[in-house]
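**Q** Note that the sequence shown covers residues 1 to 443 in the UniProt record's numbering.
Even for Gly, the Cβ is constructed at its ideal location relative to N, Cα and C.
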Amino acid sequence: MAIVQHYIVGGVSRSILEALDLAKAQGTSILSAGQNDPFNPAVVQLRNGSAVLFTQLSGENVTQSQAFPGQLEGLFDKVIFGEGSSTATQVYSIEISTLPTSGSMFNSLFNVNVPASAFSAATIAAALLSESDDIQGTAIADQLLSFDGDDVIHAYGGDDFAWGGNGDDFILGGDGADALTGANGDDFLNGGTGDDNLDGGDGEDTLLGKDGNDVLNGGAGADVIIGGAGTDTVRLTTESTVNLIDPTKNLGEAKGDEYSSVEIFSFDVGDDHFVGSTGDDVVLGDAGNDVLRGAGGNDTLSGGDGNDELVGGAGIDNLIGGKGPDILSGGGGKDYFEFDSVSEMGKTASTRDLITDFIHLSDKIDLSSIDANGGVSGEGNFSFVAAEGHGFTGVKGQLTWDQQGTGNGSHTLISGDIDGDKVSDFQIDLSGRVDLTAADFAL
Numbered sequence: 001m002a003i004v005q006h007y008i009v010g011g012v013s014r015s016i017l018e019a020l021d022l023a024k025a026q027g028t029s030i031l032s033a034g035q036n037d038p039f040n041p042a043v044v045q046l047r048n049g050s051a052v053l054f055t056q057l058s059g060e061n062v063t064q065s066q067a068f069p070g071q072l073e074g075l076f077d078k079v080i081f082g083e084g085s086s087t088a089t090q091v092y093s094i095e096i097s098t099l100p101t102s103g104s105m106f107n108s109l110f111n112v113n114v115p116a117s118a119f120s121a122a123t124i125a126a127a128l129l130s131e132s133d134d135i136q137g138t139a140i141a142d143q144l145l146s147f148d149g150d151d152v153i154h155a156y157g158g159d160d161f162a163w164g165g166n167g168d169d170f171i172l173g174g175d176g177a178d179a180l181t182g183a184n185g186d187d188f189l190n191g192g193t194g195d196d197n198l199d200g201g202d203g204e205d206t207l208l209g210k211d212g213n214d215v216l217n218g219g220a221g222a223d224v225i226i227g228g229a230g231t232d233t234v235r236l237t238t239e240s241t242v243n244l245i246d247p248t249k250n251l252g253e254a255k256g257d258e259y260s261s262v263e264i265f266s267f268d269v270g271d272d273h274f275v276g277s278t279g280d281d282v283v284l285g286d287a288g289n290d291v292l293r294g295a296g297g298n299d300t301l302s303g304g305d306g307n308d309e310l311v312g313g314a315g316i317d318n319l320i321g322g323k324g325p326d327i328l329s330g331g332g333g334k335d336y337f338e339f340d341s342v343s344e345m346g347k348t349a350s351t352r353d354l355i356t357d358f359i360h361l362s363d364k365i366d367l368s369s370i371d372a373n374g375g376v377s378g379e380g381n382f383s384f385v386a387a388e389g390h391g392f393t394g395v396k397g398q399l400t401w402d403q404q405g406t407g408n409g410s411h412t413l414i415s416g417d418i419d420g421d422k423v424s425d426f427q428i429d430l431s432g433r434v435d436l437t438a439a440d441f442a443l
């Protein structure tokens, strides 16, 4: 165990490194002072050939360094620094190098602790190389790193970064917008208050976002993910299946996972699948051919790029197909079909989106995000041509509709001309012969 502490004694600064029952350390020991700190070591007690490096920083540039050969051995060896100013930001990073082939040496760097009262700001990097460690942060922004062992990290206040490394780690974020990573092992991560980013890494992890709008990624392994208060997001970084009704069907990164108090599910590239529950789910696909089903609740489903299938289910749902020919089914309730860009919409039978169950004067097709001026300055709204089967007349921003076919093959084709050239710039297909008025659109 080694402890680094900073003291304010009689108006001057003095830093003390104490090594207690130490073994197996690696790296170069580096202690860096704050801006304009003279930072000259007064006493160095080292033995046998490893290195300890002391550097002074000005902003991001190292302006002074001193290296001492030697090796800390036994109990209560010390490195004592001379007088200096502690009014500016101080940065301490510690690493030990040059392993002996035998004998006893450092087995970990245990704790880095700089009182908030001593400095205006601090970044504290604690490099913990082995064994189980207990790392204490401060009330301001810290960087807390551990490596092997079952570690406990208390970040406390500030926007902290904490990384657990190997082992079954327990990481508490405290106040602030924290980034907590468990890495390998069965970890417990608690974001505390603030908008936190939690990454469990490999292993069977437990992630608790608690207060704030948190982003939670369980990683590989069967994880328990609890969003807590706020609007929380589960992030899946590989092709996955999430089934909130029957979690035994979860696949990929979600296999074995359990979710509660989560409002948003965000998928990465791949052919992803999602089945919602009775809650109000927000599901974000990415590139790939995704199948997203909302089930009950007022859901928002966004397919992203690819040939996606979106099914809202019961409730007032918002379906966004994205780029590619998508199949959209609102299900029960008054649903919205949102189209945000002409570049994401096709204009042929093989590239346009299909809405399978549009209900006249109940559902809406939302085109309000599209500028119907055809690139002219200012945002223009579409003008709906009321007569069915009427062609374009050369006016920018016209929207027409045409019922085609009979029986099971019938459909209603919506076409838009944004530049006034009498040619469709996009099309939307509706299953069946559907009567339409301007009230069926958000223009």
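When DSSP labels each residue in this structure, what does Asp440 get in the three-state scheme?
**A** The residue given as residue 440 occupies position 440 in the sequence shown. Residue state, collapsed to three classes: helix.
**Q** Just how far apart, CA to CA, sit Gly227 and Leu443?
**A** If you number the sequence shown from 1, residue 227 lands on position 227. If you number the sequence shown from 1, residue 443 lands on position 443. Approximately 36 Å between the Cα atoms of the pair.
**Q** Return the chain-ordered ranges of every beta strand (DSSP E) run that is complete within the stretch 256-314 and spans a minimum of 3 residues.
**A** 258-260, 264-267, 273-275, 282-284, 291-293, 300-302, 309-311
**Q** Closest to Asp402 by CA distance: which of Thr393, Lys396, Thr412 is it?
**A** One-based indexing of the sequence shown puts residue 402 at position 402. Comparing Cα-Cα distances from Asp402 to each of Thr393, Lys396, Thr412, the minimum goes to Thr412.
**Q** Helix, strand or coil: which one does DSSP assign to Ser86?
**A** As a first step, residue 86 is located in the sequence shown; it is residue number 86 there, counting from the start. Residue placement at Ser86 is flagged as unreliable, the pLDDT there being 36, under the threshold of 50; a coordinate-derived value is accordingly withheld.
**Q** Tell me, which residues are paired with Gly416 by DSSP?
**A** As a position in the sequence shown, residue 416 is number 416, starting the count at 1. According to DSSP, which records beta bridges pairwise, Gly416 is partnered with Leu399, Phe426.
**Q** Within 10 Å of its beta-carbon, does His273 have 16 or more other beta-carbons around it, so buried, or fewer, so exposed?
**A** By one-based count along the sequence shown, residue 273 stands at place 273. It is buried - the Cβ of His273 has at least 16 other Cβ atoms within 10 Å.
**Q** So, is Thr300 buried or exposed, given that buried needs 16 or more other C-beta atoms within 10 angstroms?
**A** In the sequence shown, residue 300 corresponds to position 300, counting from 1. It is buried - the Cβ of Thr300 has at least 16 other Cβ atoms within 10 Å.
**Q** Using beta-carbon positions only, say whether Phe188 and Asn166 come within less than 8 Å of one another.
**A** The sequence position of residue 188 within the sequence shown is 188, counting from 1. The sequence position of residue 166 within the sequence shown is 166, counting from 1. Contact: no.
**Q** Kindly list the residues whose CB is nearer than 7 Å to the CB of Asp150, restricted to its own chain and excluding five residues on each side of it in sequence; keep chain order.
**A** If you number the sequence shown from 1, residue 150 lands on position 150. Here the set comprises Ser132, Gly167, Asp168, Asp169.
**Q** Do Leu385 and Thr406 have their C-beta atoms within less than 8 Å of each other?
**A** Residue 385 sits at position 385 when you count from the first residue of the sequence shown. Residue 406 sits at position 406 when you count from the first residue of the sequence shown. Looking at the sequence shown, residue 385 is not Leu but Val. Not closer than 8 Å, so no.
**Q** Look at the Cβ atom of Phe426, then the Cβ atom of Lys347, and state whether they are nearer than 8 Å.
**A** Here residue 426 corresponds to residue number 426 of the sequence shown, with the count starting at 1. Here residue 347 corresponds to residue number 347 of the sequence shown, with the count starting at 1. Yes, the pair counts as a contact, with Cβ atoms nearer than the cut-off.
**Q** Can you tell me the Cα-Cα spacing of Ala439 and Asp357, whole angstroms?
**A** For the purposes of this step, residue 439 is taken as residue 439 along the sequence shown, with counting starting at 1. For the purposes of this step, residue 357 is taken as residue 357 along the sequence shown, with counting starting at 1. Each residue's alpha carbon lies about 17 Å from the other.
**Q** What separation, rounded to the nearest whole angstrom, lies between the Cα atoms of Gly11 and Thr138?
**A** On the sequence shown, position 11 is the one that residue 11 refers to. On the sequence shown, position 138 is the one that residue 138 refers to. With a pLDDT of 27 at Gly11, under the threshold of 50, the predicted position of this residue should be treated as unreliable, though the coordinate-derived value follows. About 21 Å.
**Q** State buried or exposed for Val395, treating a residue as buried only when at least 16 other CB atoms are found within 10 Å of its CB.
**A** Translated into the one-based positions of the sequence shown, residue 395 becomes position 395. Exposed, by the Cβ-count rule.
**Q** With distance defined between alpha-carbon atoms, name the residue in Ile316, Asp199, His390 nearest to Val423.
**A** The residue given as residue 423 occupies position 423 in the sequence shown. Nearest of Ile316, Asp199, His390 to Val423, Cα basis: His390.
**Q** Count the other CB atoms, across all protein chains shown, that sit within 10 Å of the CB of Ile245; report buried if there are 16 or more and exposed otherwise.
**A** As a first step, residue 245 is located in the sequence shown; it is residue number 245 there, counting from the start. Flag for Ile245 reads exposed.
**Q** Go ahead and label Gln404 buried or exposed: buried means 16 or more other beta carbons lie within 10 angstroms of its beta carbon, across all protein chains shown.
**A** Sequence index remark: in the sequence shown, residue 404 carries index 404 (1-based). Per the 10 Å Cβ criterion, exposed.
**Q** Any idea what DSSP makes of Glu344, helix, strand or coil?
**A** In the sequence shown, residue 344 corresponds to position 344, counting from 1. The answer is helix: DSSP assigns Glu344 an H, G or I state.
**Q** Hey, quick one: how far does the beta strand (DSSP E) through Phe170 stretch, first residue to last?
**A** Residue numbering aside, residue 170 sits at position 170 when the sequence shown is read from its first letter. Run containing Phe170: 170-172, per the beta strand (DSSP E) assignment.
**Q** Within its chain, find whatever has a CB closer than 7 Å to the CB of Glu388; leave out the 5 residues flanking it on each side and keep chain order.
**A** Walking along the sequence shown from the start, residue 388 turns up at place 388. So the qualifying residues of the chain are Trp401, Asp402, Gln403.
**Q** Count the other C-beta atoms from every protein chain shown that fall within 10 angstroms of the C-beta of Thr241, then say buried if there are 16 or more, exposed otherwise.
**A** Locating residue 241 in the sequence shown gives position 241, where the first residue counts as 1. So Thr241 counts as buried.
**Q** Tell me whether Gly49 sits in a helix, a strand or coil according to DSSP, three-state version.
**A** Looking up residue 49 in the sequence shown gives position 49. Low confidence applies to Gly49: its pLDDT is 36, below 50, so where it sits in the model is not reliable, and the reading given next is rough at best. Strand, per DSSP.
**Q** Apply the 10 Å Cβ neighbour rule to Gly409 and answer buried if 16 or more other Cβ atoms are within range, or exposed otherwise.
**A** To locate residue 409, count along the sequence shown from 1; it is residue 409. Counting Cβ neighbours within 10 Å, Gly409 comes out exposed, since fewer than 16 surround it.
**Q** Given Asp271, which residues of its chain have a CB within under 7 Å of its CB, disregarding the five upstream and five downstream residues?
**A** The sequence position of residue 271 within the sequence shown is 271, counting from 1. So the qualifying residues of the chain are Glu239, Gly288, Asn289, Asp290.
**Q** Sorry if obvious, but does the Cβ on Glu309 come closer than 7 Å to a heavy atom of the ligand FMN?
**A** The ligand FMN is not part of the structure shown, which contains no ligands of any sort.
**Q** I need the straight-line Cα distance from Arg293 to Asn243, nearest angstrom please.
**A** The count along the sequence shown starts at 1 and reaches residue 293 at position 293. The count along the sequence shown starts at 1 and reaches residue 243 at position 243. Per the coordinates, the alpha-carbon of Arg293 lies some 9 Å from the alpha-carbon of Asn243.
**Q** Specify the secondary structure class of Thr351 as computed by DSSP and reduced to three states.
**A** Here residue 351 refers to the residue found at position 351 of the sequence shown. Of the three classes helix, strand and coil, the one that applies to Thr351 here is coil, per DSSP.
**Q** To the nearest angstrom, report how far apart Leu284 and Gly321 are at their CA atoms.
**A** The residue given as residue 284 occupies position 284 in the sequence shown. The residue given as residue 321 occupies position 321 in the sequence shown. C-alpha separation (whole angstroms): 10 Å.
**Q** Looking at the strands, I want to know which residues DSSP matches up with Asn190.
**A** Stepping through the sequence shown from its first residue, residue 190 is reached at position 190. Its beta-bridge partners are Leu172, Leu208.
**Q** What is the C-beta distance between residue 447 and Gly219, in whole angstroms, given that I count them as a contact (C-beta under 8 Å)?
**A** A query on residue 447 cannot be resolved here, the shown segment of the chain reaching from 1 to 443 and no further.
**Q** How big is the Cα-Cα spacing for Leu361 and Asp335?
**A** Position 361 of the sequence shown, counted from the first residue, corresponds to residue 361. Position 335 of the sequence shown, counted from the first residue, corresponds to residue 335. Using only the alpha carbons, I get a separation of about 11 Å.
**Q** Indicate whether Gly164 and Asp142 have their beta-carbon atoms separated by less than 8 Å.
**A** Mapped onto the sequence shown, residue 164 falls at position 164. Mapped onto the sequence shown, residue 142 falls at position 142. With a cutoff of 8 Å on beta-carbon distance, Gly164 and Asp142 are scored as not near each other.
**Q** Counting along the chain, where does the beta strand (DSSP E) carrying Asn318 start and finish?
**A** On the sequence shown, position 318 is the one that residue 318 refers to. First-last of the beta strand (DSSP E) with Asn318: 318-320.
**Q** Rounded C-beta distance between Gly279 and Gly303? I'm assuming under 8 Å.
**A** Working through the sequence shown from its first residue, we reach residue 279 at position 279. Working through the sequence shown from its first residue, we reach residue 303 at position 303. With a Cβ gap of about 20 Å, Gly279 and Gly303 do not count as contacting.
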